[in-house]
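Peer 1: Residue numbers for the sequence shown follow the working numbering, so the first one is 50 and each next one is one higher.
Please read through the structure below; I'll follow up with questions.
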Amino acid sequence: MQNSIAERAQKWLSEFFDPETKEEIRELLQRNPEELQDRFYKTLEFGTGGMRGIMGAGTNRINKYTLGKSTQGLSNYLKSTFGGEEVKVVIAYDCRHNSQSLARTVAEVFSANDIEVYLFSELRTTPELSFAVRYLGCHAGVVLTASHNPPEYNGYKVYWQDGGQIVPPEDREIIAAIDRLDYEDIRFQARPERIKEIDREVDEAFLNACVKNGSFGVPGKENLSVVFTSLHGTSVTAIPEVLRRAGYQNVTQIAEQAVPDGDFPTVASPNPEEPEALKLALARGAEIDADIVIGTDPDSDRLGVAVKNEAGVLELLNGNQTMVLMTRFLLDQHREKGFQGNEFIATTIVSTPMMQSMADAFGVECKTSLTGFKWIAKMIRDFPGQYFIGGGEESFGYMVGDFVRDKDAVTASLLACEIAAWAKARGSSFYRELLQCYVAYGCYRERLVSLTKKGMDGATQIGNMMKEFRENPPRTLDGSAVIRIDDYQNGTSKDPATGTETKIDLPNSNVLIYTTADGTRLAARPSGTEPKIKFYVSVCSSISSTKDYEGEKQGLESKIDRVLEDLKLEE
């Protein structure tokens, strides 16, 4: 074991740390040096979704000290930035183990720094936290969640005054403020009078805003059969009530998954991106002949949507598909009212290029950001003279309007039901409307391959894979020549044939994208919140009729298979 790691661990045996933490460290020092190394070889950092990790003692773990230090640094930064104001923050937490106690610890540290704290009295969704920041006039917000990660994880996401997650320059400056601290600098001595519990008032405002932004007076709501599951998470506090208020009465909940539970006992992973997570909901949907099945992750920012395909079988759509149809529906609604000329939609660099094709067809701007909704929220802040209609990314997230500044499965679930009811009333279906998009804007297929590489060795492997792709980029993908290499780390777009480089006008990020002459695209990026490297493949063609889709889909899927096989990127 490296001496530096042992030295870091020894510091956690000082009088500052509580007896349980010290006992945990002693046990690791004596009996499990490999585990000790993983807990201390680095310090958890803010990634694309904040700070997220396995719970336990150590610098590379989520615990009262790592969160306390982050909160102390954030407190120092808030006090220095807003020195002449009474600083206010709002805190929410999800269903995970220790979320409630960790949220209380975070609140106590803020209060010890003379910051006014609004703390939700019970678990709430992440979109409600984003909404509450602006509703309560807070300077920042924090939510304790690890999204869809396994049960042993928890996390900490920080939001700024606009309700969006922190972005440059605030993120770097907050990290610098945290890095200047030792654990002994944390102020744990709470000032209870500075902590105010909140619930019903904010809930009412949030639920009403969801209904206002996500419903469009469509006919046929009473004829739509909906199956909904919260996957043991927080959305049970919001989505059933939002659907009820919007007029949906035929909603079936999966009772076994309706109780919040950090063990997620009925699923291997509480991730609606995975069909297995929605197994119970899909079975129930097939049993009652439901029109739509919706499942959300633990903090209710992602949603999975399954609808009946042309064969009448419930099919789980991917994030690109739901994003495309939701955006087209919103564009249609706004076009009926009359475009003002300042509208825009938003997507991310690893999501489907169909969003740009659709924006071109409607004559509106499509802004493309780095991965993560914090960048979409930043667009809204950076362009106050423009009107944000909606947008999303491939990882099952969507945002309707700007009243929430993060991905919002609550309002998006309502929007999905509105589309399904509207289509059914017209003798169509959610799925058939999606096929119409393929006819109108190009037939796209995408696939994500995610490779897990845990621990210090895994981080090295991920780094080496990105290095290899940079130094030895593919020249072709399925026989089509690579005509553009976008390297977001150095901010350049290169034509490999001529060597010509142009600047990419986005912040630097460790992402590579290769585009070929036939429109095939491969993106590679390490995850900012999980020990994974992700590869996104997009291929496209055209169809003249919805009847052509199934045959064309098989050809495009085979093309993706060949790309992955050539690059040896199978899961």
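No residue lacks a Cβ here, since even glycine has one placed at the ideal position from N, Cα and C.
Have a look at E614, A508, T401 and N557 and flag the residue whose alpha-carbon is nearest the alpha-carbon of I582.
Peer 2: The candidate whose alpha carbon is nearest that of I582 is A508.
Peer 1: Taking its Cβ as the centre, do 16 or more other Cβ atoms sit within 10 Å of V308, making it buried, or is it exposed?
Peer 2: With fewer than 16 other Cβ atoms within 10 Å, it is exposed.
Peer 1: Applying the 10 Å Cβ sphere with the 16-neighbour rule, what's the burial state of Q370?
Peer 2: Looking at its Cβ environment, which holds 16 or more other Cβ atoms inside 10 Å, Q370 is buried.
Peer 1: To the nearest angstrom, report how far apart K427 and G99 are at their CA atoms.
Peer 2: About 15 Å.
Peer 1: Is L256 helix, strand or coil when you go by DSSP?
Peer 2: Residue state, collapsed to three classes: helix.
Peer 1: If you draw a straight line from the C-alpha of E233 to the C-alpha of E56, how long is it?
Peer 2: Cα to Cα, the separation comes out at about 16 Å.
Peer 1: Rounding to the nearest angstrom, what Cα-Cα distance links S630 and F255 in this structure?
Peer 2: There is simply no residue 630 to check, as the chain begins at 50 and stops at 620 in what is shown.
Peer 1: Name the one or two DSSP bridge partners that V413 has.
Peer 2: V413 pairs with nothing; no bridge assigned.
Peer 1: Does the segment 167 to 174 come into contact with the segment 226 to 243, if we say contact requires no fewer than three beta-carbon pairs (one atom in each stretch) closer than 8 Å?
Peer 2: No, because fewer than three Cβ pairs between the segment 167 to 174 and the segment 226 to 243 fall closer than 8 Å, the two stretches do not touch.
Peer 1: Alpha carbons only, please: which of R519, A181 and T345 is nearest the one belonging to E253?
Peer 2: Nearest C-alpha to E253: A181.
Peer 1: Check whether the Cβ atoms of C144 and G282 lie closer than 8 Å to each other.
Peer 2: In this structure, G282 lies closer than 8 Å to C144 by Cβ.
Peer 1: Considering only C-alpha positions, which residue in the set F445, S119, N557 and Q214 is nearest to N320?
Peer 2: When only C-alpha atoms are compared, the closest one is F445.
Peer 1: Check whether the Cβ atoms of L178 and Y208 sit closer than 8 Å, and answer yes or no.
Peer 2: Result yes, Cβ atoms of L178 and Y208 sit closer than 8 Å.
Peer 1: Taking I438 and L379 to be in contact with their CB atoms under 8 Å, please state how far apart those CB atoms are, rounded to whole angstroms.
Peer 2: I438 to L379, Cβ: 5 Å. Contact.
Peer 1: Should I582 be listed as close to the ligand NAD, given that the test is whether its C-beta is under 7 Å from any heavy atom?
Peer 2: Among the components modelled here there is no ligand, and therefore nothing to report on the ligand NAD.
Peer 1: Output needed for V216: all residues of its chain with C-beta closer than 6 Å, excluding positions within five of it in sequence on either side, in chain order.
Peer 2: Excluding residues within five positions, the ones whose Cβ falls inside 6 Å are K423 and K427.
Peer 1: Hey, G40 and R183: beta-carbon distance below 8 Å or not?
Peer 2: Look at the range of the chain in this structure, 50 to 620, and you will see that residue 40 is not part of it.
Peer 1: Any idea what DSSP makes of M50, helix, strand or coil?
Peer 2: Confidence is the limiting factor: at M50 the pLDDT is only 46, short of 50, which leaves the residue's position unreliable, though a coordinate-based value still follows. Coil at M50, not helix or strand.
Peer 1: Please confirm whether L613 and V586 have their CB atoms less than 8 Å apart.
Peer 2: Yes; because the gap between Cβ atoms is below 8 Å, this pair is in contact.
Peer 1: May I have the straight-line CA-CA distance separating S529 from D567, to the nearest angstrom?
Peer 2: Computed Cα separation, rounded: 6 Å.
Peer 1: Assess, as a yes-or-no matter, whether the segment 148 to 166 is touched by the segment 111 to 122 under the definition of 3 or more beta carbon pairs within less than 8 Å.
Peer 2: In short, these stretches touch, since the Cβ pair count reaches three.
Peer 1: Assuming R524 and I609 are in contact, meaning their beta carbons sit under 8 Å apart, how far apart are those beta carbons, in whole angstroms?
Peer 2: No, R524 and I609 are not in contact; Cβ-Cβ is about 19 Å, not under 8 Å.
Peer 1: Buried or exposed for P402, going by 16 or more other Cβ atoms inside 10 Å?
Peer 2: With 16 or more other Cβ atoms within 10 Å, it is buried.
Peer 1: With 16 other CB atoms within 10 Å as the buried threshold, where does P314 fall?
Peer 2: With fewer than 16 Cβ atoms within 10 Å of its Cβ, P314 is classed as exposed.
Peer 1: For the 8 Å Cβ check, are there 3 or more pairs between the segment 453 to 465 and the segment 323 to 337?
Peer 2: Short answer: they don't touch.
Peer 1: Is it the case that the segment 237 to 244 contacts the segment 256 to 272, given that we only count it when at least three CB pairs across the two stretches are under 8 Å?
Peer 2: Because the criterion of three Cβ pairs below 8 Å is not met, the segment 256 to 272 and the segment 237 to 244 do not touch.
Peer 1: Keeping to the same chain, check which residues put their C-beta closer than 6 Å to that of K503; ignore five residues upstream and five downstream.
Peer 2: Same-chain partners within the cutoff: P580.
Peer 1: With 16 other CB atoms within 10 Å as the buried threshold, where does Q214 fall?
Peer 2: Looking at its Cβ environment, which holds 16 or more other Cβ atoms inside 10 Å, Q214 is buried.
Peer 1: Taking the beta carbon of Q86 as the centre, do at least 16 other beta carbons fall within 10 Å, making it buried, or is it exposed?
Peer 2: Buried: at least 16 other Cβ atoms inside 10 Å.
Peer 1: Below 8 Å between beta carbons: does that hold for Y490 and A410?
Peer 2: Against a cut-off of 8 Å, the Cβ pair of A410 and Y490 comes out as a contact.
Peer 1: Could you pull the start and end residues of the beta strand (DSSP E) that P575 belongs to?
Peer 2: R570 to P575 is the extent of the beta strand (DSSP E) around P575.
Peer 1: Residues in the same chain with beta-carbon distance under 7 Å from R494, minus the five sequence neighbours each way, listed in chain order, please.
Peer 2: Cβ within range, chain order: V588, K602, L605, E606 and I609.
Peer 1: Identify every residue that forms a DSSP beta bridge with R494.
Peer 2: BP columns for R494 point to V588.
Peer 1: Please report the distance separating the alpha-carbon of D535 from that of T564.
Peer 2: The straight-line gap from Cα to Cα measures roughly 8 Å.
Peer 1: Can you tell me whether Q485 is helix, strand or coil according to DSSP?
Peer 2: Of the three classes helix, strand and coil, the one that applies to Q485 here is helix, per DSSP.
Peer 1: Of all the options G434, L463 and P433, which has the alpha carbon lying nearest to the alpha carbon of Y447?
Peer 2: The shortest C-alpha separation from Y447 is found at L463.
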